[in-house]
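Trainee: Got a structure for you, written out below as structure tokens; questions coming shortly.
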Amino acid sequence: MQRHDTSSPSSITCGAVACRSCQTLDLRIRPSNLLCQSHHQPGDDRLDAHIHLRLAALAITTLISACATPYQASGMTGGYEERKLGDGRYWLKFLGNGYTEPQTVEQYWSRRAGELCAGRPFKENARAGYDVKNTLAFVGSSAYPTSERYPMKEGEIECAS
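Under our numbering, the sequence shown has 73 at position 85, and the numbering climbs by one with no breaks.
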């Protein structure tokens, strides 16, 4: 096994150290490699901007994923509503928000139906689609009609005996 001298490297690139004598790259991560020393120094504005940009992207992604409707009873961000219609019969609705995928609404509706029927099979008479909310947006003294669509599923379930 050949030993490489990387203690005082001849060149350093991002994430790699080259051997002084043979120029073989050593790709092991070392604390000294965490900053690209060949063209970035601590406090370098380009490095700081790059780190801040990545942190901002992570924060935005976290916030958007937190906005999707969680599995919950109906609240400000959507959820399920139910009414008992009789023995083993229920009306059930699950409403998502602008960040909730229609497939998620379907899964949550089926999950709640299964809970209402205590895990027993059930028949459903339901429809999936979008709940449309029409509102007015005011800009200065002007009003503009807006329309928002939220994925939903609603209908009746009948639990097997």
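Backbone N, C-alpha and C define an ideal beta-carbon position, used for all residues, glycine too.
What do you reckon, are the CB atoms on residue 39 and residue 104 nearer than 8 Å?
Mentor: no
Trainee: Using DSSP with H/G/I as helix, E/B as strand and the rest coil, what is residue 89?
Mentor: coil
Trainee: Counting only the same chain and skipping the five closest in sequence on each side, list residues whose C-beta sits under 7 Å from that of residue 84.
Mentor: Around residue 84: 57, 66, 92, 93, 138, 139 and 140.
Trainee: Quick check on DSSP: helix, strand or coil for residue 128?
Mentor: coil
Trainee: Skipping 5 residues on each side, what residues in its chain have a beta carbon closer than 8 Å to that of residue 124?
Mentor: 131, 132, 133 and 134
Trainee: Could you please give me the residues that DSSP links to residue 75 through a beta bridge?
Mentor: The partner list for residue 75 (beta bridge, DSSP) is empty, contrary to what the question assumes.
Trainee: Between residue 96 and residue 68, is the Cβ-Cβ spacing less than 8 Å?
Mentor: yes
Trainee: On the criterion of 16 or more Cβ atoms from any shown chain inside 10 Å, does residue 80 qualify as buried, or is it exposed?
Mentor: buried
Trainee: Roughly how many angstroms separate the alpha carbons of residue 136 and residue 88, rounded to a whole number?
Mentor: 13 Å
Trainee: Just verifying my parser: in three-state terms, what is the DSSP assignment at residue 55?
Mentor: Residue 55: helix per DSSP, three-state reduction.
Trainee: Can you tell me which residues form a DSSP beta bridge with residue 147?
Mentor: Beta-bridge pairing links residue 147 to 110.
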